[in-house]
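Working notes for the structure below.
Here it is as structure tokens:
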């Protein structure tokens with residue numbers, strides 16, 4: 005069109021496509037919240053036996069997500085995501101960001117500068133509306149997230165503060181979800197793209213962001229990505245800092261009983277590039293009626309949570 009903008013509908017996703025001629029070269033920020041989008045004919049890939057929630061992901065706020073998923077399906081997994089984060093990642097993150105105006109000799113030798121402390125790069129991959137960022141960065145419980153998202157007014161601001169100084173990048177296929185996250189202050193930067201379209205300029209930007217990340221979060225998400233996509237992303241994260249690798253951690257989880265063979269293949273990729281730190285098994289959410297028909301006798305979807313870190317150089 006005359007404004008280089010057109011509305012495109014694909015598999016339930018209402019997206020705003022902005023031509024590359026109008027997108028600035030700098031990475032998007034909260035003050036310049038440009039959201040990059042790769043137009044896709046494939047939409048979200050998922051196990052055919054798993055419930056699709058595409059219509060919720062195009063809503064402008066997380067209130068329908070809260071009502072139909074967090075409430076209706078007892079989506080309790082973020083309590084366990086937070087517990088894993090607090091046990092294996094948060095203590096390191098607090099130490100890494102604690103250097104302010106009084107620097108120790110070791111901190112100065114490590115390159116820390118006087119000021120407000122080091123800010124880490126936190127990436128939420130397939131972030132959607134940001135509930136797991138709320139659980140990990142803000143320390144919010146399942147119930148606190150539901151209360152924060154209980155109506156259209158409350159959800160506009162986050163009723164908590166960040167526990168560590170981080171620059172948060174949300175990456176997702178849903179432009180409305182990312183637009184909400186930027187507006188609410190959950191995301192400082194956002195990249196909207198179909199991660200299974202690996203030839204796009206946006207995917208190249210994702211690779212760069214992965215290399216710069218200190219903490220990578222990908223929960224209930226890898227099941228949607230091609231194995232080739234997963235390997236490229238994990239390798240980019242693993243190689244962060246080049247030959248002088250900086251410390252970095254990743255929190256991921258695997259869904260059961262969905263796509264179990266793919267989950268095993270994903271674990272092999274993770275162990276190929278990263279060092280295993282810890283794991284636990286928990287509940288994820290109740291299964292929908294469709295899922296219960298596809299998996300007779302099962303009522304709960306379960307999670308296997310993993311924390312891994314970059315290998316030292």
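Numbering (my numbering), first residue to last: 5 to 317. Each residue gets a CB set at the ideal place from its N, CA and C atoms; glycine is no exception.
Check your understanding: Tell me which same chain residues have a C-beta within less than 6 Å of the C-beta of residue 85, skipping the five on either side of it?
Key -> 136, 139, 223
Point to revise | Contact check, residue 192 vs residue 173, beta carbons under 9 Å | key: yes
Point to revise | Helix, strand or coil at residue 313 [DSSP, three-state] | key: strand
Check your understanding: Going by alpha carbons, who is nearest to residue 69 out of 123, 144, 122, 154?
Key -> 154
**Study point:** Cβ shell of residue 235 (< 6 Å), same chain only, five flanking positions each side left out
**Key:** 273
**Study point:** Which of helix, strand or coil DSSP assigns to residue 228
**Key:** helix
Practice item. Answer with buried or exposed for residue 289, where buried requires no fewer than 16 other C-beta atoms within 10 angstroms of its C-beta. Key: buried
Review point. Between which two residues does the beta strand (DSSP E) carrying residue 71 extend?
Key: Neither: residue 71 is in no beta strand (DSSP E) and is coded neither H nor E.
Review point. When DSSP labels each residue in this structure, what does residue 280 get in the three-state scheme?
Key: strand
Point to revise | Cβ-based burial, residue 316 [other Cβ within 10 Å; buried from 16] | key: exposed
Exercise for review: Select from 187, 198, 256, 159 the residue whose C-alpha is nearest the C-alpha of residue 309.
Suggested key: 256
Review point. Can we count residue 308 as close to the ligand ATP, meaning its CB is less than 8 Å from some heavy atom?
Key: In the structure shown, the ligand ATP is absent, as is every other ligand, since no ligand is present at all.
Point to revise | For residue 129, the residue or residues it bridges with in DSSP | key: 175
Practice item. Drop a sphere of 10 angstroms on the beta-carbon of residue 268, count the other beta-carbons inside from all chains shown, and report buried for 16 or more, exposed for fewer. Key: exposed
Exercise for review: Determine the direct distance from the alpha carbon of residue 178 to that of residue 46, and round the result to whole angstroms.
Suggested key: Confidence at residue 46 is low in this model, with a pLDDT of 34, below 50, so its placement is unreliable and the value that follows should be read with caution. Near 13 Å, if we compare the C-alpha coordinates of residue 178 and residue 46.
Check your understanding: Around the C-beta of residue 147, are 16 or more other C-beta atoms found within 10 angstroms, so that it is buried, or is it exposed?
Key -> exposed
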